[in-house]
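Using my numbering, read the sequence shown as starting at 158 and increasing by one per residue.
Built from N, CA and C at the ideal position, the CB exists for glycine as well.
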Amino acid sequence: MVFSDIWNTTYGVVASVANYSKQIGGGLLESAKIVRNPPPEVRLPSNLQNLDVLKLVNIGHPVIRFAALSGAMATVLGAYGAHTLPMKDEYEERKHVFKTANQYHFYHTLAVLAVPLSRYPKTTASMMTLGMLLFCGTCYYHAFTGDQKLKTLTPVGGIFLIMGWLSMIL
């Protein structure tokens with residue numbers, strides 16, 4: 158079966174269900190009167206009237222894209238690690254390191270989504286990104302290869318993550 162066959166079959170089923178529901182409804186939908194009242198007028202406080210939300214969105218656009226990419230990579234790495242790391246006892250420590258890296262990767266990806274709302278988004282995004290690269294990256298490297306030569310950079314990444322969180326307070 159090719160895509161067009163699947164599409165035509167699906168469309169036919171949906172059209173049949175729609176026609177059947179019209180017949181059963183006896184025209185109830187057509188005869189229903191919808192009364193729409195105008196929405197109430199909302200007045201913003203004077204300090205929020207000049208707030209340009211579009212500027213805020215445009216400032217954070219690259220950061221939100223990075224968060225989306227980071228979330229996708231966390232998902233890919235999570236799936237890869239779950240399916241490729243062996244189930245032997247000697248690899249239990251590496252599996253634990255992998256799980257930790259993957260959890261921190263996801264948590265901080267979600268945090269990066271809030272970065273455009275901070276006062277210094279470029280500083281916060283830089284610290285969070287560097288922290289994720291150094292902390293999660295070195296943990297992923299150790300989990301996949303067993304090599305510990307980059308392990309000394311892991312705490313540095315943790316410090317950058319902490320500084321990223323603290324920069325959101327400023």
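Within a Cβ cutoff of 7 Å, which residues of the same chain sit near residue i, ignoring the five residues on either side of it in sequence?
{"i": "R222", "result": "none"}
{"i": "F317", "result": "M284, L287, G288, L291"}
{"i": "V313", "result": "L291"}
{"i": "Y248", "result": "L242"}
With a threshold of 16 other CB atoms inside 10 Å of the CB of residue i, please say whether the residue is buried or exposed.
{"i": "A231", "result": "buried"}
{"i": "G288", "result": "buried"}
{"i": "A236", "result": "exposed"}
{"i": "P243", "result": "exposed"}
{"i": "T266", "result": "buried"}
Take residue i as the anchor and find which of the options has the nearest alpha-carbon.
{"i": "A282", "options": "A229, G321, G228", "result": "G321"}
{"i": "L307", "options": "T295, G314, L318", "result": "T295"}
{"i": "T286", "options": "K256, T241, P197, A224", "result": "A224"}
{"i": "G303", "options": "E250, P312, P278", "result": "E250"}
{"i": "L274", "options": "L327, I319, Y248", "result": "L327"}
Reducing DSSP to helix, strand and coil, say where residue i ends up.
{"i": "S275", "result": "coil"}
{"i": "L242", "result": "coil"}
{"i": "I319", "result": "helix"}
{"i": "Q260", "result": "helix"}
{"i": "R200", "result": "coil"}
{"i": "G235", "result": "helix"}
{"i": "K306", "result": "coil"}
{"i": "I221", "result": "helix"}
{"i": "L291", "result": "helix"}
What's the gap between the Cα of residue i and the Cα of residue j?
{"i": "H299", "j": "R276", "result": "35 Å"}
{"i": "G228", "j": "Y261", "result": "11 Å"}
{"i": "A268", "j": "G238", "result": "23 Å"}
{"i": "K252", "j": "M325", "result": "32 Å"}
{"i": "P219", "j": "D246", "result": "42 Å"}
{"i": "Q305", "j": "T311", "result": "10 Å"}
{"i": "L270", "j": "F263", "result": "11 Å"}
{"i": "L185", "j": "P197", "result": "Note on L185: pLDDT 49, under 50, position unreliable in the model; the coordinate value appears next. Distance between the alpha carbons of L185 and P197: 30 Å."}
{"i": "V233", "j": "R200", "result": "46 Å"}
{"i": "L323", "j": "L226", "result": "23 Å"}
{"i": "K279", "j": "I319", "result": "16 Å"}
{"i": "V272", "j": "T309", "result": "27 Å"}
Who are the near neighbours of residue i in its chain, counting only those whose CB is closer than 6 Å to its CB and skipping five residues on each side?
{"i": "A258", "result": "C293, C296, Y297"}
{"i": "F255", "result": "G238, A300"}
{"i": "G315", "result": "F292"}
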